[in-house]
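For the protein sequence lines, the chains are L and H, in the order given. Note that our numbering has the first sequence beginning at 1, numbered continuously upward. Note that our numbering has the second sequence beginning at 10001, numbered continuously upward. C-beta: ideal position from N, C-alpha, C; glycine also.
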Amino acid sequence: MRKFTILLALMLFIGLQVALAQRTITGKVTNAEDNTSIPGATVLVAGTTVGAITDVDGRYTLVVPQDKNVLFISFVGMKTQSITLGVSNIVDIVLATETMMLEDVVITALGIPMEKKALGYSVQDVSGDDITKVRENNVINSLSGRIAVVQVTNSSGAPGASSRIVLRGVNSLSGNNQPLFVVDGIHINNTDFGDGGLDGRLGFGGVNRGSAAMDINPNDIDNISVLKGPNAAALYGSRASNGVILITTKKGYSKAAKTKGIGIDLSNTTTFESPLRLPKFQNQYGQGSGGKFAFVDGAGGGTNDGTDESWGPKLDIGLLIPKFDSPMDATGKRIPSPLVSHPNNVKDFFQTGVTTSTSLSLYGGNEKANGRLSYTQMNQKGIVPNTDYASKTLNFSLGTTLAEKLNVTASGSYINGKSINQPGTGYSGENVMQQFTWSGRQNDIPGLREYVYPISTVPSQNLWYPAGSKYNWNYNYHNNPYFTLYKNLNGMERNRLFGNAKILYKFFDDLSAHIRTGIDYYTNFTTNRIAAGDIENVFGSYAENTFTFREMNSDFLIMYNHDFKAPKIGLQLNFGGQRMDQYTGNLFASADELAVPDVFNVANSQVPIRSTQRHTQKRINSLYFSGQGSWNRAIFLDFTGRNDWSSTLPKGSWSYFYPSISLSGVITDLYDNKSKYFSYAKLRISWARVGSDTDPFSLYPTVSFGNGWSGSTKLLNQFIPNELPNPKLKPQFTSSLEFGGDFRFFKNLVSLDLTYYSSSTTDQILTAPVSGATGYNTMKINAGEITNKGIEAQLGVTIFKPENPKKFGWEMDFNFAKNVNKVVSLTPGVENYVIGTDWAMKVIAQPGRPFGDLYGYDYLRDPNGNIINRDGVPVQGDLKVLGNYQPDWTGGVSGGFSFYNFTLNFLVDFHMGGEIYSMTTTWGRYSGVLDETLLGRDGGIVGEGVKEVFDANGKLTGYVPNDVVVTAEAYNHAAFVNTIQAGSVFDASYIKLRELRLAYTFKFSKTNKELTIALIGRNLALLYSRVPHIDPETSFGNSNLQGIEYGQLPSTKSLGFNIAFKL
Amino acid sequence: MKNIIKLFTFAALILSLVTIFSCTKDFEKINTDNDNPGIKQAAPNMLLTGAIESMTNRVHEIFLGHEMGSCWVQQMAKIQYTDEDRYIFRPDVVNNSWRSFYAASGEDVVTIYNIGNKNYKGVALVLKCYIGSVLTDLFGPVPYTNAWQGAGSLLPSYDTQESIYRLIIAQLDSANTFFLDVNGLPIAGDILYNNNILQWKQLANSLRLRLLLRMSAKDQGFVTTEMGKMINDPATYPLFGSSADNASLAYLGTAPNNNPINENRKTRDDHRVSKNLIDLLKVKYNDYRIMVFANPASATDEFVGLPNGLLSADAMAYLGNGLTETSKMGNYFVQATSPGQLMNYAELQFILAEAAVKGYIPGGISQAKVYYDAGIAGSFDQYSTALQDIFTPNWGGAFGSLPIDSGYTVAAEISKQIDSTSSAAYFDVAASNASLLQIIAEQRYIANFDLGLEAWFEWRRTGFPVLIPAVAGANEGKIPIRVPYPSDEAATNPTQLAAGVALLGGADGLNTPVWWDN
């Protein structure tokens, strides 16, 4: 019946045309790939409104006016063709799949797909395939080295740890400078869940709990577009000023995949992890001080047996000395035993980590309806004993055309992330790496696995060391590391739901509109247990922290899109609005001393329960428009404008507007002068501005509740918070100018993308430290300007293009980015902005310098810069800039080789310049555990530098080379301490072999079924580094406080395999 | 037509959406923090509880009070990680102390003054003066008149120590005036004096005498007038009447309201009693307060002090095994409820004794002796329970190396200490002023045990007791007489800091004397 209706309509249409006709053309439109007919394709006479639509068999009939002789044939997903009519009235047309086109379409702001060539700004994308080839659990890590200007910092090798990502440098002094994550058009929160120790700073201990972006399952990603600067992001609003990571999830149906029936993908990735780098320890001297050591009680009762340094006796020379694990006599006294080294005591402490990720997805559909359902389970066993992370992700996507012009889509994910124990970090006894820095080198660490004494067969020994009592090498400062890991558990569980539903209605061919609503909702629940008998809290403790986040975004968008055929002018106009409502809730409660040991209940507290509570809410309403005019599909002019109303700003400053404009031209399309060598050239320029608001409750002062004074009756106390709010805040703005070009040579075999940008963020809303004498430590202010100027380049070279799959193929990609960041000004009165402090090292921003200076104490130096030694050792000198954590440039080299069904891919990541302060070096030298401390153990050290010369009156007359001999212990104790930072600041440059993959694909002929087996490796080697002992890629979280390291949980290298079935 | 209707409907829909989206009606409500009271709901009693605890905690903080105070003035010494004892202090400690005094307790105190009744204002002023005096005695010139202005003055200027002293002296007089009616407007939340206004009034005046004496070398005339005015009018200017009036925070048995030293000792064993103090008590004064201040060394059961400022390795190897061969701080001071002293009656008596010897107040040497005796008695009175608790179980035996006779009493010990024999170790009315001043200074030093900062300030002024600089000290062989300004100030307030250093009149180091010490 339907067929008949169409036929009838067609006949009617044809009939009408006949009257004016000069020529009737008929033909069939087929698909080039499989020769099937294409129904519903449009055949249009150029320069007219005359056209036809093909019938179910792909046939059409069209009456062409006499003076016209060009037909345009188009169909969604196929390459539009133009055909000049010849003599024949039968014109069959073969349409090619728009594969090239698909590659060149990127999703831009508001989810509008755009031809890449029509964009006036830099966008780079990565396909889902690339990401899952060598699967990273945290999708952020996959971008490293793949996209120019993306700086990714893996924070540690701990399961479920966060990563930091920054695009085009740091814009904001006090924000975290993380880009906005958008999944299928809906904003996804990327809160850092780290629970810091002192002052919330992870450097002082705490647990890296990851950040929210890691919930995005790599297996469900179809494509990632990175919109780098504000130009690309102007429409996404405030949070996009640091760029946008735009993620499109997989759908049930795509033209590229062309599924028939139900498709099944099944894949498994299994990798095995080991530490990439461990500190280089010395193995010649054991625990103790001044060369002496004898264990009695591990707490000072013996000879230096309370100390956790390695300035003790020489190892492996036949000395017999009582140690913690020496056999004991009947009175519990340790019998001297050989003092031997255990060179692998730290290495052997780590276990092989195992990560498995299994994903199953079902998908199917057609133009009218499609669906996809996937389930992914990831289990991670850390390299640190008894640490883990596991996640389960259920993802769905549905799309259907309900009525002819009504399209409904929905997608969503449910994620459950869980860990029984995540390791402690930073300067804390809960960080097991700490006791490898403060330790006796001879100790057999794996021998501590049983952390309590068993019942001894010698009855009298049970009196001295009762079964169940603590067993360790030190009883002054450290827990047995296995006790820490098996008893003091840091658990977490996060349940998250995000998704959206969209209704799209097509009013006319050129006018459509959608309404959409999306939600991101999760509860992040963490617990911290300290078991009874802990060295720092004998009673044990328990804390729970629940963080709830909810954001709802609802928007509408009206889209008008019209191509005027005659002068070839295209016009696209969009108008939309959005309401964002965000809520956070946080409840923390802690029992600091448990009454009943090891019953982990906050109510089981023998001291007053400590608790904090915080709820925030914020709303942003927005209206926006965007448009594009094009001429000849070669010149494109884009413009956007957005007005936000944010509840976080003071009345009068609620509303702020920001525009963008860009122009681009495809030179090679303007003149038909495509040469053999020069295939494509495009130039673009754009300017944009993005406004930002601030955090909720930043305007007016409140009073906070303290812990109270809990005598017989509790006196509640209040205090004035240390941050001074500001009722006069204004929005901050980032403006950015960029221009660039996209060039291709030798029939697209070589492509080069170049961009220069310059951006400036002004009126920054920042929490500025102020003199404590004001009565406050910090204040919210609008101030300062930061600029970023940079270039990014991407070069792709196809060295061998295989004519067919059996030939050798070789492709290389190079990307390079250099960003020059400068703090132009701060507020009057704030001469240095302290980004953060860990130990005595400050990370600051100061005018005229790049963001992120490492500011600490140098050695005292003479006028020529030589270190001055007093009594043979260096002393504290000036407080000054010792480095900066931002790299000079970053880049990546990736390559792919193919031969028959083999493919080999690699990715090398460059991070050059910048400095890092490694506290591991400071304390490791102080404590004598590192390799460098062997210098001068026999015979002493004459410190590099000079010493002062005084005359008889005690007046300084000059300097002579230092010749005072001191012991290695005295020298390292003086030169590597908390009070002098200069000795442990290193060049942070590194080159890493990030990925390696060798794959073989079995193709089952005549079907789409295939099986791919791949050997994969990630983070395989540190090819170049100037920092000793640690992986220079390290941080305590995703905040701006970077460039500082202590007790790094080693990052991991992983090797494994991937098996993927397409059924 | 159908399309036109559709379009019209759509336009209406969009228009209503636009209206909703641009609405800012609830914005102020949305941006209101409902979890915390607004500043107008600040309660002076609740602020007072926190301010007293915060300030006392900071005065007794391990790194500041216990190490830069008690260790530098050699009441205590470090046996492990001896850097601080060798005058290598942690820059963060100075930053934290500065911020704590100003932004934590200081700002709360200023708020109490602004919102409270007259008695609250008096209490707030006393606390503000206490904080101000500690700050200026640590650093010299500091922001005071221009401090606590919030956004009103983001770069607070520094005042000379002289002007701060004169202002504090005047403010303590105002505080005394606020307390005119001690039974009038009630206060609450006072964990120092349990809301007893008379005792706050006594503290105001006692503290005033402490600071007057400290500045006495600079303006003897002014000090004589002010002290005389107070001593001659005890009704207007009541002072501590006994050790029951001590400004001393009774810490509670459990964290977080326990004594900071107790908290420290839960995880650390870095401190021993200084050899200087042990020798002073054992050799010079044969004083049984040693039993409260120190425990006998675990290896020998003797009271053995540790020399200050040894290298860690040397300290641990002292007498073989330093950890077991030297005396830890007495049990009384490491218990959770060990009081957090701010000023005690004994110190007041020694202030008066010195003032009398110097003629700032009437009565001469004989009156000085009366004050001195009261100081000795007051200090023993303060520790009478602790002493008796040690004596009783040890009767007939030896506690440490000290024999305890059955029936020995605190009273007998007091009379021993105040016995006016001709011994150079006791207050002999016939002795020279110089030797009397030394005895008074030493007794004040003993009475101010565990009040490390005060003991150190007074040592800087008087030079007594005679101290030998740290064995492996890092300060050109000198004991510090000042704390350098915090690096935070260099970062946030550098111009005013530079002006402050100029006012100091010397290098921003450990060895530049403050105004009263000049």
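Do you know offhand how far alanine 1021 of chain L's Cα is from histidine 911 of chain L's? 14 Å
Proline 327 of chain L versus tyrosine 885 of chain L - alpha carbon distance: 50 Å
Rounded to whole angstroms, what's the CA-CA distance from tyrosine 10445 of chain H to alanine 10368 of chain H? Just pull it up for me. 17 Å
Check for me: the beta strand (DSSP E) holding aspartate 10508 of chain H runs from which residue to which? Counting along the chain, aspartate 10508 of chain H falls outside any beta strand (DSSP E), and DSSP gives it neither H nor E.
Would you call glutamine 10388 of chain H buried or exposed, if buried means 16 or more other Cβ atoms sit within 10 Å of its Cβ? exposed
Nearest candidate by alpha-carbon position, reference phenylalanine 10464 of chain H, set H:Asp10381, H:Gly10150, H:Leu10277, H:Ile10290: H:Leu10277
Residues of its chain near tyrosine 10158 of chain H, where Cβ-Cβ distance is below 7 Å and the 5 sequence neighbours each way are ignored: Pro10141, Val10142, Pro10143, Gln10496, Ala10499, Gly10500, Leu10503
Quick one: using the 10 Å Cβ neighbour count with 16 as the cut-off for buried, is glycine 426 of chain L buried or exposed? buried
Simplified DSSP state of proline 10256 of chain H, which is helix, strand or coil: coil
Would you be able to state if there are at least three C-beta pairs under 8 Å between the stretch 437-456 of chain L and the stretch 467-475 of chain L? yes
Can you find the residues in the same chain that come closer than 6 Å, C-beta to C-beta, to tyrosine 1000 of chain L, ignoring five residues on each side of it along the sequence? Asn901, Phe902, Ile1013, listed in sequence order.
Per the contact definition of three or more C-beta pairs closer than 8 Å, is the stretch 10282-10297 of chain H in contact with the stretch 10401-10414 of chain H? yes
Does at least one heavy atom of the ligand MG sit under 7 Å from the Cβ of isoleucine 10088 of chain H? Absence of the ligand MG from the depicted structure is noted, as is the absence of any ligand whatsoever, leaving it without description.
Name the chain L residues that come within less than 8 Å of aspartate 10215 of chain H, Cβ to Cβ? The displayed chain sequence assigns methionine, not aspartate, to residue 10215 of chain H. Those within 8 Å of methionine 10215 of chain H in chain L number zero; the least Cβ separation is about 22 Å.
Please compile the residues from chain L whose C-beta is within a distance smaller than 7 Å of the C-beta of cysteine 10023 of chain H. Chain L residues near cysteine 10023 of chain H: Asn621.
State yes or no: is the beta carbon of histidine 562 of chain L nearer than 8 Å to at least one beta carbon in chain H? Closer than 8 Å: no.
What are the start and end residues of each continuous alpha helix (DSSP H) run of 4 or more residues lying completely inside the stretch 209-279 of chain L, in chain order? 230-233
Quick check on glycine 10460 of chain H: does DSSP put it in helix, strand or coil? Note that residue 10460 of chain H corresponds to arginine in the displayed sequence, not to glycine. Looking at arginine 10460 of chain H - three-state DSSP - the assignment turns out to be helix.
The beta strand (DSSP E) that contains threonine 355 of chain L, what's its start and end? 353-365
If we ignore side chains and look at the alpha-carbon of each, how far apart do proline 10256 of chain H and serine 541 of chain L end up? 13 Å
Using alpha carbons as the reference points, say which of L:Val56, L:Val123, L:Phe72 lies closest to aspartate 742 of chain L. L:Val123
What in chain L is Cβ-close to phenylalanine 10179 of chain H, meaning under 8 Å? In chain order: nothing, as chain L lies at least about 22 Å away.
Counting only Cβ pairs nearer than 7 Å, list the residues of chain H close to asparagine 707 of chain L. Pro10256
Sequence-distant residues of the same chain with beta carbon closer than 6 Å to glycine 120 of chain L, five excluded per side: For glycine 120 of chain L, where only same-chain residues beyond five positions count, the Cβ hits under 6 Å are Asp638, Ser662, Leu663, Ser664, Arg684, Ser686.
Taking just the CA atoms, how far does asparagine 10259 of chain H sit from valine 873 of chain L? 37 Å
Is methionine 10316 of chain H close to chain L, meaning its C-beta is less than 8 Å from at least one C-beta of that chain? For methionine 10316 of chain H, the answer is yes, since a Cβ of chain L falls inside 8 Å of its Cβ.
Return helix, strand or coil for serine 113 of chain L, following the three-state DSSP convention. Reading the sequence as shown, one finds proline at residue 113 of chain L and not serine. Note: proline 113 of chain L maps to strand in three-state DSSP.
Between the alpha carbons of glutamate 430 of chain L and valine 607 of chain L, how many angstroms are there, rounded? Taking the straight line joining both Cα atoms gives about 22 Å.
Below 8 Å between beta carbons: does that hold for isoleucine 10045 of chain H and glycine 10189 of chain H? Isoleucine is not the amino acid found at residue 10045 of chain H; the sequence shown has asparagine there. It is a contact, given that the beta carbons lie within the stated cut-off.
Per DSSP, serine 460 of chain L is paired with what? Serine 460 of chain L pairs with nothing; no bridge assigned.
Taking 8 Å as the CB-CB cut-off, is phenylalanine 498 of chain L touching chain H? Residue-level contact check: phenylalanine 498 of chain L does not touch chain H, since none of the beta carbons of chain H fall below 8 Å from its beta carbon.
At a CB-CB cut-off below 9 Å, which residues of chain H make contact with lysine 568 of chain L? Within chain H, no residue comes near lysine 568 of chain L; the closest Cβ sits about 27 Å away, beyond 9 Å.
Can you find a C-beta in chain L that's less than 8 Å from the C-beta of leucine 10503 of chain H? It does not; no Cβ of chain L falls within 8 Å.
Would you decide whether threonine 10409 of chain H is buried or exposed? Buried here means 16 or more other CB atoms lie within 10 Å of its CB. exposed
With distances taken between CB atoms, is the gap from tyrosine 971 of chain L to glycine 939 of chain L smaller than 8 Å? Taking 8 Å as the Cβ cut-off, tyrosine 971 of chain L and glycine 939 of chain L do not qualify as a contacting pair.
So alanine 10491 of chain H contacts chain L; which residues on that side make the cut at Cβ distance below 8 Å? Pro769, Glu831, Asn832, Val834, Lys842, Ile844, Tyr855
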